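Residue numbers (full-length UniProt numbering): 1 to 839. We put the CB at the ideal spot given by N, CA and C, even for glycine. Only a predicted model underlies this, so the values are computations on that prediction, with no experimental measurement involved. So the structure is just underneath, and the comments pick up after that.
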Amino acid sequence: MASRFNPKAADARWQKTWDDAQTFAADNAAAKPKSYVLEMFPYPSGRIHMGHVRNYTMGDVLARFKRMTGHEVLHPMGWDAFGMPAENAAMEKKVHPGEWTRANIAAMRDQLKRLGFALDWSRELATCEPDYYGQEQALFLDLFEAGLVYRKESAVNWDPVDMTVLANEQVIDGKGWRSGATVERRKLSQWFLKITDFAEDLLSGLGELDQWPDKVKLMQENWIGKSRGLRFRFKLSQPVTGQTNLQVFTTRPDTIFGASFVAVAADHPLAAAVAENSAEAQRFVAQCQSGGTSAADIESAEKLGFDTGLTVAHPFQPEWELPVYIANFVLMDYGTGAIFGVPAHDQRDMDFARKYDLPVRRVVADGDDSEAEFAGDEAWSGEGTLVNSRFLDGMTIEAAKAAVIERAEEEGWGEGTTEWRLRDWGVSRQRYWGTPIPIIHCEECGPVGVPKDQLPVVLPEDIDFETPGNPLDRHPTWKHVDCPQCGEPARRETDTLDTFVDSSWYFIRFASQPDDAPFDRAEAEAWLPVGQYIGGVEHAILHLLYARFWTRALNRMGMLDVKEPFAGLFTQGMVTHETYQAGDGSWLSPGEVTKDGEDWVAIEGGEPVTPGRVEKMSKSKKNTVDPDPIIDQYGADAVRWFMLSDSPPERDLPWSEAGIEGAWRFVQRLWRLIDGNQPGEGEDKALDRKLHQTIAGVAEDIEDLSFNKAVAKIHELANAIEKADASASRDAAVRILVRLVAPMAPHLAEEGWAQFGEQGLVADAQWPEADPALLVEDEVTIAVQINGKLRDTLSVAKGAGKADLESLALASDKIMRQLDGAEPKKIIVVPDRLVNIVA
RNA sequence: GCGGACGUGGCGGAACUGGUAGACGCUGCAGACUUAAAAUCUGUUUCCCGUAAGGGAGUGCGGGUUCGAUUCCCGCCGUCCGCACCA
């Protein structure tokens, strides 16, 4: 009688065994091919959620599989441990951010360990510890010396009550999310990293990332936003504050003869100059600046302008004057903050021209319509031929662009340029719980880097969160230091670094973590780039772009011979669960509702409940499932199995009770196969074939990260084994099955491995080898179709000749009946596949 | 608005390069074992007609290419995601 697999006992036992043996510690000096498998490290919020479980399970399967296929695997784990929630907790619960964070890390580490991940815990790191952020400070100073760090005034969202800077997403309807105070735009001196220096390289580098999802590459491409165009100067009819020219940027220099106005942004210096002398202009500028910046605001915002009364001269015809407007739809921080409007070929300009009754001249002919007078309100921005444009007439858009740029450059009033949407990376945060920026401000010497032998600049522990504002700034002593250069009293920088800096190089520190340097070059290069990086698509742009930038910066400084940090990237889907909403709009957890006939009602009170959509698990929608009790009940392997089953990993995985129970049943079924295995005699060719096809198929699917398909293939094999009679083949299949499930259900596999008296650990075992001779069937099923419709199937030896297949097909009873004596018009035979009779 | 992805049974999904649509799992239904339940096992589960043999329809909708289309092409519809007045 087969026993039951008892995960409670087995999980802990094997986890301890792996731990004691340091099974998953990566050897930097190993001679084997190296494989670096990494999942995005978590923020230590306090609890692991199902999304983490799914993410880390995927990486774990790959890591374990790589070990079994002869690789030395680096699969580390750490904590993205700086950031706002710790400060919020400090304010709300009166607990020090460090204490809160470290307690969370301890709790989450325990949770992760219960899932039996093949992690090298000896390399664990937390970004909030001085041994990590001190090395980050060293790197920051290297960047500073290399001229990749600079300081400039920049506008931030300032909460006047909390006295802190808010991220854009913390500003809701113009108010601070916590204080509710109206957020001000304030100029602060901030530190920036010169990511724009690498714009071209970050863009072209995408081309080599053939193991990244196209979607992510496209998002990065759009974010970087390269556009070629012409930057040129209009001559102003009269000088304004000494300026005689107005510089504009356009990507459509070809439409220059369709221009009917010029517009500048509300915060353009020209607008400010006009506002000096006009109360009306001043009002208009103020109105533009107060406008909301949310997506909805922008979409609904009407195109508004203010006629300055100024004009500029058309570059190709000085007496042709264009009016200059201040317009609310022109952005100061793109291009030059000034544009020329071509209503016929740009919708925004069209809207504006129709409102202010400006000319709309056609300069690109769409088809045969070449009238200068443009009717309608829909601008034409498609392809066409230039018309009404003098020397450009008849040219294509591309040729005309080149011609105008050439003339501008010849005549010296403009030049072809490239503009980027990408901005430099502002890294200053006016907060406590982050990496202190290792700079000292001296009256005499300016900003001076902290000498490296004085690193780390450690956060003070004795801080209070009673009063709003940056605790570092109001700490009584911390910021007062002497200038390292001249020795005079000076002031420490009290801003800390954006936490995206912490995650921009942690994967390097995992590969190599000496005490006295950020990393050892040779060790880091031995592992990098990360072979497979797995995480959520929400990091598709910022984190991944910053990490690519940081790696390039190290490369440029000669510190690392790697430019792309992540060779392979995979973005996994979310774990979702159904939602339920009561009549008053409040959310109910799935455990609080039940089905009454066709309708859903609350268990408590029986109120009717509306089933909502299946959505990402979130506390606010009350549809989360805590992994801990699930692991208690079903064990790590069943949870892991469910995370891998059914849904393709890039898609969302709907959590369900039935699903986890199905996984649990299968784990038990596997155990019954193993435990109840009987030696047998003789071979079972069909089973041998199924086994070897599964060995090859599962390996392929895992390499492909198609875990759902690998799971399905293992199910098929298990079904086949169960149906098979005892034989030597069956015995062998069960023994090999143990290794096939080892990456997914490692505890069960170890148990089975031990049961069969194998040496060592299955975690160290070799992946079974598939016999190529057994991968192909010797008998195939041939479809016989009439006019493409299946009418019969034939079982024939593989490789049967066309003529044989044809005559076999025609001899079939069913086919003869269908044809009813009619002569086939044509017969198509695809060997080993089908015969299609055209009647 | 721009860009992208997706659309297959009651559900999650599978299907190689254009070649038997629905693998595998979940759910449901019927049955076996059991005093009973749990657990387990067997059968069945795309829809329609038919007792059956069998036939017909079918991969969002409409067309096209082809001996043959879930797969390729054109046009719609829907859902989701990203960006968003970027000149």
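{"Item": "Whole-Å CB distance - residue 841 paired with A783, under 8 Å assumed", "Value": "A query on residue 841 cannot be resolved here, the shown segment of the chain reaching from 1 to 839 and no further."}
{"Item": "Given 8 Å, three or more beta-carbon pairs between the stretch 538-558 and the stretch 497-508", "Value": "yes"}
{"Item": "Range covered by the alpha helix (DSSP H) that runs through F340", "Value": "From DSSP, F340 is part of no alpha helix (DSSP H) but of the beta strand (DSSP E) over 338-341."}
{"Item": "Per-residue burial, W14 [other beta carbons within 10 Å of its own, 16 or more giving buried]", "Value": "buried"}
{"Item": "Neighbour-count burial assignment, Q238, 16 or more Cβ in a 10 Å radius", "Value": "exposed"}
{"Item": "Limits of the unbroken beta strand (DSSP E) element including Q247", "Value": "243-250"}
{"Item": "Strand pairing of W191, partner residues [DSSP]", "Value": "R151"}
{"Item": "Cβ contact check for the stretch 270-289 and the stretch 254-262: 3 or more pairs under 8 Å", "Value": "no"}
{"Item": "Beta-carbon proximity of R47 to A763, cut-off 8 Å", "Value": "no"}
{"Item": "Residues that DSSP places opposite K616 in a beta bridge", "Value": "T576"}
{"Item": "S503 to A547 span [Cα, whole Å]", "Value": "7 Å"}
{"Item": "For Y546, the first and last residue of its enclosing alpha helix (DSSP H)", "Value": "542-556"}
{"Item": "K215, buried or exposed, once every other Cβ within 10 Å from all chains shown has been counted against 16", "Value": "exposed"}
{"Item": "Nonlocal neighbours in the same chain, by C-beta distance under 6 Å from E136, ignoring five residues either side", "Value": "T435"}
{"Item": "Start-end ranges of the beta strand (DSSP E) lying completely within the stretch 328-384, minimum 3 residues", "Value": "338-341"}
{"Item": "DSSP beta-bridge partners of A259", "Value": "A259 is not bridged to any residue."}
{"Item": "Start-end ranges of the beta strand (DSSP E) lying completely within the UniProt domain \"Methionyl/Leucyl tRNA synthetase\" (40-171), minimum 3 residues", "Value": "72-74, 149-159, 164-166"}
{"Item": "R740 in three-state terms, based on DSSP", "Value": "Note on residue identity: the sequence assigns Leu, not Arg, to residue 740. Helix at L740."}
{"Item": "Nearest neighbour of G573, chosen from V734, S512, G536 [CA to CA]", "Value": "G536"}
{"Item": "Coarse secondary structure for G591, derived from DSSP in three states", "Value": "helix"}
{"Item": "Nearest neighbour of T610, chosen from G426, L588, D626 [CA to CA]", "Value": "L588"}
{"Item": "Residues of its chain near V501, where Cβ-Cβ distance is below 7 Å and the 5 sequence neighbours each way are ignored", "Value": "E136, V427, T435"}
{"Item": "N-terminal and C-terminal residue of the beta strand (DSSP E) that A770 is part of", "Value": "Segment: none, A770 is in no beta strand (DSSP E) and carries neither H nor E."}
{"Item": "Beta-carbon proximity check, G59 vs V37, cutoff 8 Å", "Value": "yes"}
{"Item": "Start-to-end residues for the alpha helix (DSSP H) that takes in H480", "Value": "That residue, H480, is in no alpha helix (DSSP H); its beta strand (DSSP E) goes 480-482."}
{"Item": "Sequence-distant residues of the same chain with beta carbon closer than 7 Å to A138, five excluded per side", "Value": "K452, L455, P518"}
{"Item": "Local Cβ density within 10 Å of N388, reported as buried at 16 or more and exposed below that", "Value": "buried"}
{"Item": "Uninterrupted alpha helix (DSSP H) stretches inside the stretch 677-760 (no shorter than 4 residues)", "Value": "685-703, 707-723, 728-741, 746-755"}
{"Item": "Where T781 falls, given that 16 or more other Cβ within 10 Å makes a residue buried", "Value": "exposed"}
{"Item": "Reference P269; option with closest CA among P213, T244, S260", "Value": "T244"}
{"Item": "Where the alpha helix (DSSP H) through A12 begins and ends", "Value": "7-21"}
{"Item": "Whole-angstrom C-beta distance between S179 and residue 840, which should lie under 8 Å", "Value": "For residue 840 there is no data in the structure shown, the boundaries of the chain being 1 and 839."}
{"Item": "Whether L433 touches G116 by CB criterion (8 Å)", "Value": "First, the amino acid is wrong: residue 433 is Trp here, not Leu. Not a contact, by the Cβ cut-off of 8 Å."}
{"Item": "Nonlocal neighbours in the same chain, by C-beta distance under 7 Å from A526, ignoring five residues either side", "Value": "N28, K34"}
{"Item": "Ordered list of beta strand (DSSP E) runs contained in the stretch 762-818, each at least 3 residues", "Value": "779-786, 789-797"}
{"Item": "Nearest neighbour of A408, chosen from E302, S189, K826, F316 [CA to CA]", "Value": "F316"}
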